[in-house]
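**Q**
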Amino acid sequence: MSDHFFPRDEYFMRLALREAELALEHEDVPIGSVVVHQGEVISAAHNEREVRQDPTAHAEILALRAAACAVGSWRLLETILYVTLEPCAMCAGAIVLARVPRVVYGAADPKAGACGSVLDVLGEPCLNHRPEVAGGLLAPECGSVLSDFFASRR
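In this text, residue positions in the sequence shown follow the numbering used here: the first is 9, and each later residue adds one.
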């Protein structure tokens, strides 16, 4: 994992943050994700576990599904996935299976993060694909959206 970011990374992470805020409309955990292909957004999603009553309806999974439809392939080559929170093991597994070459996330997840915080699925040498990972982009803003959400529920 690195903290090396490119000039447009912040722009796309801000789009993911806007997507995260949409999850608040249905009282879901505010996590947003955007998939970019050749410099263009091809999908965007936010958590919809509550509205769908689906434990797999994480922002990353929904964005990956929509991106696969957009490119017409389950292989999401030449894409970058942006997500406001470090992906969990399920989402990291889907990222590996989709062959996403680069993942950029905002806040680290010390309880369930699978990009180095708890597990390192994306860096696992036994797997056939290891994306580049850059973490910590806009971490204070990404973390604030989440902490405000959980503080309002206590």
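A virtual CB, placed ideally from N, CA and C, is assigned to each residue, including glycine.
What separation, rounded to the nearest whole angstrom, lies between the Cα atoms of E56 and E94?
**A** Those two C-alpha atoms are separated by around 17 Å.
**Q** Classify A116 as helix, strand or coil using the three-state DSSP reduction.
**A** Three-state result, A116: coil.
**Q** Can you tell me whether G69 is helix, strand or coil according to DSSP?
**A** First, the residue type needs correcting, since residue 69 is Ile and not Gly in the sequence shown. I69: helix per DSSP, three-state reduction.
**Q** Given a cut-off of 9 Å on the beta-carbon distance, is the pair L145 and D62 in contact?
**A** No, the Cβ-Cβ distance between L145 and D62 is not below 9 Å.
**Q** Please report the distance separating the alpha-carbon of E33 from that of T64.
**A** E33 and T64: Cα-Cα distance of roughly 19 Å.
**Q** For the alpha helix (DSSP H) that L105 lies in, which residues bound it at each end?
**A** Start and end: A97 to L105.
**Q** Tell me which residues share the same chain as F20 and place their Cβ nearer than 8 Å to its Cβ, disregarding the 5 neighbours each side in the sequence.
**A** V42, V44, V49, I88, Y90 and V112.
**Q** Out of V37, G124 and A31, state which residue places its alpha-carbon closest to the alpha-carbon of A159.
**A** It is V37 whose Cα lies nearest to the Cα of A159.
**Q** Closest to L23 by CA distance: which of G47, A52, A31 and F14 is it?
**A** With distances taken between Cα atoms, L23 lies closest to A52.
**Q** If you reduce the DSSP assignment to three classes, tell me which class D128 lands in.
**A** Strand at D128.
**Q** Tell me the DSSP bridge mates of Y90?
**A** DSSP output for Y90 lists V42 and V112 as bridge partner(s).
**Q** Per DSSP, G143 is paired with what?
**A** Answer is Y113.
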